[in-house]
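As they're listed, the protein sequences go chains A and B.
Heads up, the first sequence is in the numbering used here, so the first residue is 7 and it goes up one at a time.
Heads up, the second sequence is in the numbering used here, so the first residue is 7 and it goes up one at a time.
Cβ coordinates follow ideal geometry from the N, Cα and C atoms, glycine included.
Quantities reported herein were computed from a predicted structural model and do not represent experimental measurements.
2 protein chains.
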Amino acid sequence: MTDQLSVQFAALADPTRRAMLRRLAEGQASVSEIAKPFLEEMSLPAVTKHLKVLERAGMLTKTQDAQRRLCQLEPSGFKEIVDFLELYRHMMEESLDRLDAYLKSVTSKRSAKKDKHQKGKQADGCQK
Amino acid sequence: MTDQLSVQFAALADPTRRAMLRRLAEGQASVSEIAKPFLEEMSLPAVTKHLKVLERAGMLTKTQDAQRRLCQLEPSGFKEIVDFLELYRHMMEESLDRLDAYLKSVTSKRSAKKDKHQKGKQADGCQK
DNA sequence: ACCTTACTTAACCAACTAGTTAATTAACTT
DNA sequence: AAGTTAATTAACTAGTTGGTTAAGTAAGGT
């Protein structure tokens, strides 16, 4: 499919590209800097291709600096995806709240009242 | 790639499957009920396959009711994805806020002070 | 028992993806 | 001018995806 939202989700459906985005979130970097952690697993052209996928998804922009290409994260590229997920994020939180309420009613003495579901943080810790 | 986060993003990288999830968000439905809007574009086995992709992604569960299979949205299946995106969602909001601040400083008389970036809502309106 | 409804499984195919190596482009260095 | 660094493009390949039709399974209806 060629619709933009599919292109964006497909861009995220790869651990190498997600790792690249995490790197980029820490600041801009050249292609070879981004490539460095991956050159044991894959060739430079493969890295170029991954970056192109992220670029077409609108999640990164490149600017030329002599021979180097500086890549920069483009946070606005996540807008459509985040908007799409809003509905399911809310449903998820509601169902967790219902679970909370249930557990609370079952244990009778509430265990960890405030702070609800504490936002587990940092998925994809392994990127195998 | 076989990691779960990739499986989940890949599941969302298809307009048919996203439309199915939106349908499911309104309540459970049997396979043929879900299939109905798509049977002009594709066959029933194709629908079965799409549902299986969503199931393997942990975003829906099926329960048997006589010959029918009732499908239900599984909001917890979105947790990893939502957690992964949290970082980029925040960066996006920050960069929008910076844009706000810039526009405010440029126009000198601020135009629409409160309400910030008003959450555009509902991406994927077309699902072509 | 037999038919129908509701799905799933199997076998196949075209198009796309993620990688490869080799060649090319382009800018700086000496 | 010749060489080096940085990255891309081209041509190819194996494996995956999204679809097909045809056959199979399993439960309820008559």
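Does the distance from the C-beta atom of residue i to that of residue j stay below 8 Å?
| i | j | result |
| --- | --- | --- |
| B/P21 | A/M7 | yes |
| A/E80 | A/L11 | no |
| B/H56 | B/R23 | yes |
| B/C77 | B/Q34 | yes |
Cα separation between residue i and residue j?
| i | j | result |
| --- | --- | --- |
| A/T69 | B/L60 | 38 Å |
| B/D89 | A/T54 | 27 Å |
| A/M48 | A/K42 | 10 Å |
| A/L66 | B/R62 | 30 Å |
| B/R95 | B/M26 | 24 Å |
| B/D9 | B/F44 | 29 Å |
| A/L102 | B/E100 | 27 Å |
| A/Q73 | A/E46 | 23 Å |
| B/R75 | A/D106 | 29 Å |
| A/K58 | B/D71 | 47 Å |
| B/L93 | A/A52 | 26 Å |
| A/K119 | A/G64 | Because the pLDDT of A/K119 is 42, which lies under 50, any placement of that residue in the model is unreliable, and the number read from its coordinates should be weighed accordingly. Going by the C-alpha atoms only, they are around 41 Å apart. |
On the criterion of 16 or more Cβ atoms from any shown chain inside 10 Å, does residue i qualify as buried, or is it exposed?
| i | result |
| --- | --- |
| A/R104 | exposed |
| B/L91 | buried |
| A/L50 | exposed |
| B/G83 | buried |
Round the Cβ separation of residue i and residue j to the nearest angstrom and send it over; I've been treating them as touching at under 8 Å.
| i | j | result |
| --- | --- | --- |
| B/A19 | A/A16 | 4 Å |
Could you tell me whether the region 99-114 of chain B touches the region 26-40 of chain B, where touching means 3 or more Cβ pairs closer than 8 Å? no
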